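Heads up: the structure comes next, in C-alpha coordinates.
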(Lines of atoms letter the chains of each structure in order from A and count residues from 1; the text may use other names and numbers.)
(Lines give C-alpha, C1' and ligand atoms only; values in the text may rest on other atoms or scores of the structure.)
Protein backbone atom coordinates (compact mmCIF):
# COMPACT_ATOMS: atom_id res chain seq x y z
CA UNK A 1 0.00 0.00 0.00
CA UNK A 2 3.01 2.30 0.30
CA UNK A 3 3.11 2.47 -3.50
CA UNK A 4 -0.57 3.38 -3.57
CA UNK A 5 -0.21 6.18 -1.04
CA UNK A 6 2.87 7.47 -2.88
CA UNK A 7 1.05 7.42 -6.23
CA UNK A 8 -1.93 9.21 -4.70
CA UNK A 9 0.36 11.85 -3.18
CA UNK A 10 2.10 12.38 -6.52
CA UNK A 11 -1.24 12.62 -8.29
CA UNK A 12 -2.48 15.15 -5.73
CA UNK A 13 0.65 17.21 -6.34
CA UNK A 14 0.02 17.01 -10.07
CA UNK A 15 -3.55 18.17 -9.57
CA UNK A 16 -2.35 21.14 -7.52
CA UNK A 17 0.06 22.05 -10.32
CA UNK A 18 -2.76 21.72 -12.88
CA UNK A 19 -4.97 23.98 -10.74
CA UNK A 20 -2.20 26.59 -10.71
CA UNK A 21 -1.93 26.36 -14.49
CA UNK A 22 -5.68 26.89 -14.78
CA UNK A 23 -5.41 29.97 -12.55
CA UNK A 24 -2.52 31.21 -14.69
CA UNK A 25 -4.63 30.75 -17.84
CA UNK A 26 -7.44 32.76 -16.23
CA UNK A 27 -5.05 35.54 -15.19
CA UNK A 28 -3.53 35.75 -18.67
CA UNK A 29 -6.93 35.98 -20.31
CA UNK A 30 -8.14 38.58 -17.80
CA UNK A 31 -5.05 40.80 -18.27
CA UNK A 32 -6.48 43.75 -20.23
CA UNK A 33 -3.03 45.35 -20.60
CA UNK A 34 -1.47 42.39 -22.41
CA UNK A 35 -1.33 42.75 -26.20
CA UNK A 36 -3.31 40.17 -28.16
CA UNK A 37 -0.31 38.46 -29.82
CA UNK A 38 1.43 37.94 -26.49
CA UNK A 39 -1.83 36.82 -24.86
CA UNK A 40 -2.36 34.18 -27.55
CA UNK A 41 1.24 33.01 -27.16
CA UNK A 42 1.00 32.81 -23.36
CA UNK A 43 -2.34 30.99 -23.50
CA UNK A 44 -1.00 28.46 -26.01
CA UNK A 45 2.19 27.86 -24.03
CA UNK A 46 0.31 27.29 -20.79
CA UNK A 47 -2.25 25.12 -22.58
CA UNK A 48 0.59 22.84 -23.74
CA UNK A 49 1.79 22.57 -20.13
CA UNK A 50 -1.76 21.80 -18.97
CA UNK A 51 -2.11 19.06 -21.61
CA UNK A 52 1.21 17.50 -20.60
CA UNK A 53 0.17 17.58 -16.94
CA UNK A 54 -3.21 16.06 -17.82
CA UNK A 55 -1.50 13.22 -19.71
CA UNK A 56 0.75 12.55 -16.73
CA UNK A 57 -2.26 12.55 -14.38
CA UNK A 58 -4.07 10.08 -16.64
CA UNK A 59 -1.05 7.79 -16.46
CA UNK A 60 -0.99 8.04 -12.66
CA UNK A 61 -4.74 7.38 -12.55
CA UNK A 62 -4.16 4.19 -14.52
CA UNK A 63 -1.32 3.11 -12.22
CA UNK A 64 -3.53 3.69 -9.18
CA UNK A 65 -6.38 1.70 -10.73
CA UNK A 66 -3.94 -1.14 -11.33
CA UNK A 67 -3.02 -1.43 -7.63
CA UNK A 68 -6.33 -0.81 -5.85
CA UNK A 69 -8.79 -3.56 -5.04
CA UNK A 70 -11.46 -4.44 -7.59
CA UNK A 71 -14.16 -3.21 -5.22
CA UNK A 72 -12.66 0.30 -5.21
CA UNK A 73 -12.10 0.64 -8.97
CA UNK A 74 -15.56 2.02 -9.79
CA UNK A 75 -15.44 4.65 -7.05
CA UNK A 76 -11.88 5.61 -8.03
CA UNK A 77 -12.87 5.98 -11.68
CA UNK A 78 -15.85 8.19 -10.84
CA UNK A 79 -13.77 10.45 -8.61
CA UNK A 80 -10.98 10.59 -11.18
CA UNK A 81 -13.38 11.43 -14.00
CA UNK A 82 -14.80 14.32 -11.99
CA UNK A 83 -11.33 15.71 -11.25
CA UNK A 84 -10.10 15.27 -14.81
CA UNK A 85 -13.24 16.88 -16.25
CA UNK A 86 -12.24 20.14 -14.56
CA UNK A 87 -8.88 20.09 -16.33
CA UNK A 88 -10.46 19.14 -19.66
CA UNK A 89 -13.05 21.91 -19.33
CA UNK A 90 -10.34 24.47 -18.60
CA UNK A 91 -8.40 23.30 -21.66
CA UNK A 92 -11.50 23.52 -23.85
CA UNK A 93 -12.27 27.01 -22.56
CA UNK A 94 -8.69 28.09 -23.24
CA UNK A 95 -8.83 26.76 -26.83
CA UNK A 96 -12.12 28.63 -27.32
CA UNK A 97 -10.59 31.84 -25.99
CA UNK A 98 -7.55 31.46 -28.24
CA UNK A 99 -9.80 31.00 -31.27
CA UNK A 100 -11.92 34.00 -30.23
CA UNK A 101 -8.80 36.15 -29.94
CA UNK A 102 -7.56 34.96 -33.33
CA UNK A 103 -10.87 35.91 -34.95
CA UNK A 104 -10.86 39.30 -33.21
CA UNK A 105 -7.27 39.98 -34.33
CA UNK A 106 -6.94 38.31 -37.75
CA UNK A 107 -3.65 40.06 -38.58
CA UNK A 108 -1.83 38.14 -35.85
CA UNK A 109 0.24 35.28 -37.24
CA UNK A 110 -1.83 32.22 -36.36
CA UNK A 111 0.97 29.72 -36.78
CA UNK A 112 4.28 31.12 -35.60
CA UNK A 113 7.09 28.52 -35.82
CA UNK A 114 7.58 28.34 -32.04
CA UNK A 115 3.94 27.43 -31.51
CA UNK A 116 3.70 24.76 -34.20
CA UNK A 117 5.93 22.44 -32.18
CA UNK A 118 3.70 22.26 -29.09
CA UNK A 119 0.56 21.76 -31.15
CA UNK A 120 2.06 18.56 -32.59
CA UNK A 121 3.04 17.46 -29.12
CA UNK A 122 -0.51 17.81 -27.86
CA UNK A 123 -1.80 15.46 -30.54
CA UNK A 124 0.92 12.85 -30.08
CA UNK A 125 -0.53 9.35 -29.69
CA UNK A 126 0.03 7.32 -26.54
CA UNK A 127 3.31 5.43 -26.76
CA UNK A 128 3.96 2.18 -24.92
CA UNK A 129 7.34 2.84 -23.32
CA UNK A 130 8.96 0.72 -20.64
CA UNK A 131 8.97 2.07 -17.09
CA UNK A 132 12.17 2.72 -15.16
CA UNK A 133 12.19 1.30 -11.63
CA UNK A 134 15.60 2.58 -10.54
CA UNK A 135 17.51 -0.63 -11.32
CA UNK A 136 20.76 0.58 -12.89
CA UNK A 137 21.01 -2.66 -14.86
CA UNK A 138 17.75 -1.76 -16.64
CA UNK A 139 18.73 1.86 -17.36
CA UNK A 140 20.41 1.27 -20.73
CA UNK A 141 17.45 -0.67 -22.13
CA UNK A 142 14.98 1.93 -20.80
CA UNK A 143 17.01 4.88 -22.07
CA UNK A 144 17.44 3.42 -25.57
CA UNK A 145 13.68 2.95 -25.89
CA UNK A 146 13.05 6.47 -24.58
CA UNK A 147 15.60 7.99 -26.97
CA UNK A 148 14.09 6.15 -29.93
CA UNK A 149 10.55 7.39 -29.23
CA UNK A 150 10.89 10.72 -27.41
CA UNK A 151 14.42 12.11 -27.03
CA UNK A 152 15.20 11.93 -30.75
CA UNK A 153 11.99 13.79 -31.68
CA UNK A 154 13.26 17.32 -32.34
CA UNK A 155 9.71 18.63 -32.64
CA UNK A 156 9.12 18.06 -28.91
CA UNK A 157 10.02 20.84 -26.50
CA UNK A 158 12.12 20.03 -23.45
CA UNK A 159 9.13 20.43 -21.15
CA UNK A 160 7.23 17.78 -23.12
CA UNK A 161 10.19 15.40 -22.97
CA UNK A 162 10.42 16.13 -19.22
CA UNK A 163 6.78 15.16 -18.72
CA UNK A 164 7.08 12.03 -20.87
CA UNK A 165 10.17 10.94 -18.92
CA UNK A 166 8.56 11.68 -15.57
CA UNK A 167 5.54 9.63 -16.60
CA UNK A 168 7.75 6.57 -17.15
CA UNK A 169 9.34 6.58 -13.69
CA UNK A 170 8.20 4.29 -10.91
CA UNK A 171 7.23 5.95 -7.60
CA UNK A 172 10.49 5.00 -5.87
CA UNK A 173 12.44 6.83 -8.61
CA UNK A 174 10.08 9.82 -8.60
CA UNK A 175 11.00 10.56 -5.00
CA UNK A 176 14.58 11.33 -6.05
CA UNK A 177 13.45 13.96 -8.56
CA UNK A 178 10.38 15.30 -6.75
CA UNK A 179 11.78 18.83 -6.40
CA UNK A 180 12.07 19.46 -10.13
CA UNK A 181 9.35 21.44 -11.83
CA UNK A 182 8.53 20.80 -15.49
CA UNK A 183 10.51 23.16 -17.74
CA UNK A 184 12.72 23.06 -20.81
CA UNK A 185 15.79 23.71 -18.65
CA UNK A 186 14.98 21.05 -16.05
CA UNK A 187 14.72 18.29 -18.67
CA UNK A 188 18.53 18.10 -18.92
CA UNK A 189 18.77 18.20 -15.11
CA UNK A 190 16.28 15.32 -14.84
CA UNK A 191 18.25 13.19 -17.31
CA UNK A 192 21.50 13.89 -15.44
CA UNK A 193 19.92 12.91 -12.11
CA UNK A 194 18.72 9.61 -13.51
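Residue numbers (our numbering): 213 to 406.
Virtual Cβ for every residue (Gly too), placed ideally from N, Cα, C.
Source: prediction; values computed, not measured.
Runs of the beta strand (DSSP E) lying entirely within the segment 376 to 400 and spanning at least 3 residues: none are present. Only residues of its own chain outside the window of five on either side were considered, and among them 341, 342, 343, 344, 354 and 358 have a CB closer than 8 Å to the CB of residue 380, listed in chain order. Between residue 225 and residue 263, the CB-CB gap reaches or exceeds 9 Å. Looking at 309, 286 and 404, the one whose alpha-carbon comes closest to that of residue 249 is 309. Within the same chain, and ignoring the five residues on either side of residue 227 in sequence, the residues whose Cβ sits closer than 7 Å to its Cβ are 269 and 295. In the DSSP assignment, residue 340 falls outside any alpha helix (DSSP H) and carries neither an H nor an E.
One alpha carbon belongs to residue 247, the other to residue 383, and they sit about 42 Å apart.
Between residue 313 and residue 252, the C-beta gap is smaller than 9 Å, which places the two residues in contact.
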